[in-house]
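Peer 1:
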Amino acid sequence: ISLTTWPLIASMSAEVFKFTVENSPNNDLEMDGFMFDITTTDIGGIGWNTCANFGDYTHYDIYKNGTNITSSVTAFADWTFYNEDGVECSLVPTDPVGFMEIMNFGDVIAAGEMVTYAIHLNAPSATSGDEITYGITDTSWGYYASSFKAPDLFDLTLIEGLPMEGDLWTFN
-17 ISLTTWPLIA
-7 SMSAEVFKFT
3 VENSPNNDLE
13 MDGFMFDITT
23 TDIGGIGWNT
33 CANFGDYTHY
43 DIYKNGTNIT
53 SSVTAFADWT
63 FYNEDGVECS
73 LVPTDPVGFM
83 EIMNFGDVIA
93 AGEMVTYAIH
103 LNAPSATSGD
113 EITYGITDTS
123 WGYYASSFKA
133 PDLFDLTLIE
143 GLPMEGDLWT
153 FN
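Heads up: the sequence shown begins at -17 in this note's numbering, then just goes up one per residue.
As structure tokens, then:
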């Protein structure tokens, strides 16, 4: 996959990942949650991407079809951040963030409807040249399933379009 590289300016908001969910015409679909892979670099060694600094929902906004719906998503308790090994950030504050989970989302997509979600990052202060990429991969969905101890509930073959990898964002 060839990624597009985009500049990212610390302390400014930017759309860093967008994806579309198209529901079948048979039934409504309730989106209970999302799990995103996050890959970062910290070339300056300042720890901007650690769980303590970056594992915080206030760095993000969620858009649905171009409208900011962040305030309608239940606040902090529904956002959980994990390190690259799937350990909750509250237990490993100095590790880099590896996954972001948004649960109890509760958005309903009507039968036959297509919805585009976008994640906006309110960029933290990072070193010029640091990078960040978001995605939804088999790894993140696999972790999502195993976190509920019920991997049989998730048939990855039913989710078309995985893996999805976003563009590469480089801090200026």
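Every residue, glycine too, gets a C-beta built ideally from N, C-alpha and C.
Just to confirm, are Met96 and Thr62 a CB contact at a threshold of 8 Å?
Peer 2: By 1-based counting over the sequence shown, the position of residue 96 is 114. By 1-based counting over the sequence shown, the position of residue 62 is 80. No; because the gap between Cβ atoms is not below 8 Å, this pair is not in contact.
Peer 1: Tell me where the alpha helix (DSSP H) around Asn35 begins and ends.
Peer 2: For the purposes of this step, residue 35 is taken as the residue at position 53 of the sequence shown. Start and end: Cys33 to Phe36.
Peer 1: Have a look at Phe153, Ala93 and Asn65 and flag the residue whose alpha-carbon is nearest the alpha-carbon of Val3.
Peer 2: Here residue 3 refers to the residue found at position 21 of the sequence shown. Among Phe153, Ala93 and Asn65, the Cα nearest to that of Val3 belongs to Ala93.
Peer 1: Applying the 10 Å Cβ sphere with the 16-neighbour rule, what's the burial state of Met17?
Peer 2: As a first step, residue 17 is located in the sequence shown; it is residue number 35 there, counting from the start. Buried, because 16 or more other Cβ atoms sit within 10 Å of the Cβ of Met17.
Peer 1: Helix or strand or just coil, what does DSSP make of Thr40?
Peer 2: Position 58 of the sequence shown, counted from the first residue, corresponds to residue 40. In the structure shown, Thr40 sits in a helix (DSSP, three-state: H, G or I).
Peer 1: To the nearest angstrom, how far is the alpha carbon of Gly29 from that of Thr98?
Peer 2: Looking up residue 29 in the sequence shown gives position 47. Looking up residue 98 in the sequence shown gives position 116. One C-alpha to the other measures close to 32 Å.
Peer 1: Rounded to the nearest angstrom, what separates Phe36 and Leu11 at their Cα positions?
Peer 2: By one-based count along the sequence shown, residue 36 stands at place 54. By one-based count along the sequence shown, residue 11 stands at place 29. Each residue's Cα considered, the two are about 31 Å apart.
Peer 1: Under the three-state reduction of DSSP, which class applies to Asp67: helix, strand or coil?
Peer 2: Taking the first residue of the sequence shown as 1, we reach residue 67 at position 85. It is coil, neither helix nor strand.
Peer 1: Would Ile25 pass as a contact of Thr152 if the rule is Cβ separation under 8 Å?
Peer 2: Taking the sequence shown and counting its residues from 1, the one referred to as residue 25 is at position 43. Taking the sequence shown and counting its residues from 1, the one referred to as residue 152 is at position 170. No, these two residues do not count as a Cβ contact at 8 Å.
Peer 1: If we count the other Cβ atoms within 10 Å of its Cβ and call it buried at 16 or more, is Thr40 buried or exposed?
Peer 2: Along the sequence shown, read from residue 1 onward, the residue named residue 40 stands at position 58. With fewer than 16 other Cβ atoms within 10 Å, it is exposed.
Peer 1: Measuring alpha carbon to alpha carbon, tell me which residue in Ile51, Thr23 and Ile44 is nearest Gly80.
Peer 2: For the purposes of this step, residue 80 is taken as residue 98 along the sequence shown, with counting starting at 1. If we check each option's Cα against that of Gly80, Thr23 comes out closest.
Peer 1: Are there 16 or more other CB atoms within 10 angstroms of the CB of Asp112, so buried, or fewer, so exposed?
Peer 2: Looking up residue 112 in the sequence shown gives position 130. Buried is the call here.
Peer 1: When you compare each of Ile20, Thr76 and Tyr116 to Ala34 by their alpha carbons, which one comes out closest?
Peer 2: Start at 1 with the first residue of the sequence shown, and residue 34 comes out as number 52. That would be Thr76, whose Cα lies nearest to the Cα of Ala34.
Peer 1: DSSP state of Ser72, grouped into three classes?
Peer 2: Stepping through the sequence shown from its first residue, residue 72 is reached at position 90. Here DSSP, grouped into helix, strand and coil, assigns Ser72 to helix.
Peer 1: Is the Cβ-Cβ distance between Ser(-5) and Leu103 less than 8 Å?
Peer 2: In the sequence shown, the residue the question calls residue -5 occupies position 13. In the sequence shown, the residue the question calls residue 103 occupies position 121. One thing to note: Ser(-5) has its Cβ within 8 Å of the Cβ of Leu103.
Peer 1: Quick one: using the 10 Å Cβ neighbour count with 16 as the cut-off for buried, is Pro7 buried or exposed?
Peer 2: Counted from its first residue, the sequence shown places residue 7 at position 25. Its Cβ having fewer than 16 others within 10 Å, Pro7 is exposed.
Peer 1: By DSSP, does Asp89 sit in helix, in strand, or in coil?
Peer 2: In the sequence shown, the residue the question calls residue 89 occupies position 107. In the structure shown, Asp89 sits in a strand (DSSP, three-state: E or B).
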